[in-house]
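In this note's numbering, the protein residues as written are 11 to 581.
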């Protein structure tokens, strides 16, 4: 892995650090920005790419956004309760800001032109000089030419004029010049860096993937369930801010860590070259039906039945490798990387009382949507509540595999002294969520790293199961057996029973099956659950939601006619 230049953004609360960060990485909604001190709390890592210097290749840096930075703890008892809580966060964010400075090659110190320099700014600059860190003074919120001259007061801080930049991150004034100068700095950095500095600093562990990323995992749960502690434990570095104050995490925190998959890792490097297009799969089956009907009517001989169509429909599918030739040399490497996302604690809707928390919840739900696996953390001392059940249901509805991680097991160790006690305790938890019987439940202590090995093993199994491929011949036989064993009459069809003519797995991650039937509507939900459970048991698809798609000939004809109309409209 190449050594990337690391640039951190620091400054007092509410000077616009996150807006500068979002502007430089060219994503306006990456981190929450709001006119309230203390919105950003954790260190956020992103990649900023610059291509503004003529005749030079684009350069990329690791950019770190930090929370409001004070060198000394603050205490203002006269503030409101909400602001008092934010001041608590400021006090525990000091070490995180200092960590960001320590791991940086350069620092962007952001100040507010409207406020002018204050003694805290001078103390921060003195701290940067004491740490021997190269830094630039970025004077933000310079929104119009009417403010010209307001920057003069900052010259008293003793910063070289070439290291001072006037910008308005919100209005994109001066940000291109700042980006260009950063790119030039990266070019100079590449020329001067010594060979022995190419090792990645420990604090940057988990910032970039080391192997191929095979799954995205979201850590979800209520406030103070231990999500950030688990993220730090898995990554092996203090990435997320940890405190006993509920609501510490606001923005989702991302990181990467590696898991060992043994020889099954090769399955994750392959893609399905079959069944990706449902319409094509149905069309192939219709061709086969017509072909076979012509034979039954004596219009063609048996040897004239298209072998190509038959193989398309009933032959076992081939798996097409996506591994490039030069990558096959690392055949014995069975490590793969997991993209991990720590989300804000989600409370009940009526408990959400401000804009920042609303945005946090929105981003947490978005993280669930974009994840493959949801690790739902539950505080062992509190158990499972109605909100936990609802969020797990949301994850399953969106096709996510769910692992229930019962955290803080160390706090209930007194009543779980024997394996029998633990087994009974887990069974009692499961009794509260009987509809989640196929989901794994893992007790652990993220703080003391207890049962983390078991958790990783379950995560490996879950990812492999989500990516499992099942040949059409086996799917066909299993579903035919399930329907024959327990047939059903569909309502409002004059007593007609459901018939499955053909079925196939059309997609993995999550397992999705197409059933070509005589009826696609009116199939009861309990019968769909019966089929799903039967498929899950037959193919060992534990801890994976299963999706079923029902299609008929008329469905295909409607879709085909719709496609024709769309084509003619475009013409």
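Just so you know, even glycine gets a beta-carbon here, dropped at the ideal spot from N, CA and C.
Remember, predicted model here, so these are calculated numbers, not experimental data.
Pairwise C-alpha distance: residue j and residue i
i           : j           : result
residue 516 : residue 465 : 30 Å
residue 325 : residue 487 : Per-residue confidence for residue 325 stands at a pLDDT of 46, beneath the threshold of 50, marking its modelled position as unreliable; no derived number is given.
residue 30  : residue 177 : 9 Å
residue 518 : residue 191 : 46 Å
residue 238 : residue 563 : 51 Å
residue 21  : residue 222 : 36 Å
residue 434 : residue 390 : 14 Å
residue 182 : residue 561 : 51 Å
residue 56  : residue 396 : 35 Å
residue 557 : residue 235 : 30 Å
residue 162 : residue 145 : 19 Å
residue 32  : residue 493 : 54 Å
residue 245 : residue 109 : 16 Å
residue 431 : residue 142 : 56 Å
residue 384 : residue 545 : 22 Å
residue 496 : residue 473 : 31 Å
residue 112 : residue 134 : 14 Å
residue 441 : residue 394 : 11 Å
residue 272 : residue 346 : 10 Å
residue 136 : residue 436 : 55 Å
residue 185 : residue 139 : 25 Å
Buried versus exposed, by CB contacts within 10 Å (16 or more), residue i
i           : result
residue 458 : exposed
residue 217 : buried
residue 165 : exposed
residue 484 : exposed
residue 402 : buried
residue 499 : exposed
residue 69  : buried
residue 527 : buried
residue 107 : buried
residue 264 : buried
residue 159 : exposed
residue 4   : Past the edges of the chain, shown from 11 to 581, lies residue 4, and the structure says nothing about it.
residue 455 : buried
residue 200 : exposed
residue 64  : exposed
residue 476 : buried
residue 128 : exposed
residue 343 : exposed
For residue i: DSSP bridge partner residues
i           : result
residue 536 : In the DSSP output, where bridge partners are listed per residue, residue 536 has none listed.
residue 3   : The structure shown does not extend to residue 3, since the chain is modelled only from 11 through 581, so no value can be given for it.
residue 421 : Answer by DSSP bridge pairing: none, since residue 421 is not bridged.
residue 267 : 348
residue 122 : 150
residue 18  : 74 and 117
residue 523 : 515 and 558
residue 460 : 455
residue 413 : 385 and 450
residue 507 : 499
residue 598 : Because the chain here runs from 11 to 581, residue 598 falls outside it and cannot be looked at.
residue 231 : 387
residue 145 : 117
residue 226 : 349
residue 400 : Paired residues: none, contrary to the question.
residue 69  : 60
Host beta strand (DSSP E) of residue i (start-end)
i           : result
residue 349 : 345-352
residue 515 : 510-517
residue 55  : 54-60
Extent of the continuous alpha helix (DSSP H) run through residue i
i           : result
residue 275 : 275-278
residue 551 : Element bounds for residue 551: n/a, residue is neither H nor E.
residue 27  : 27-34
residue 237 : 237-245
residue 170 : Segment: none, residue 170 is in no alpha helix (DSSP H) and carries neither H nor E.
residue 138 : 129-140
residue 436 : 429-442
Q. Are the stretch 438-446 and the stretch 215-230 touching, with three or more C-beta to C-beta distances below 8 Å?
A. no
If contact is defined by three or more beta carbon pairs under 8 Å, each pair taking one atom from either stretch, is the stretch 412-421 in contact with the stretch 500-509? no
Query raised in the report: Three or more C-beta pairs closer than 8 Å, one from the stretch 391-401 and one from the stretch 466-476: is that the case here?
Result: no
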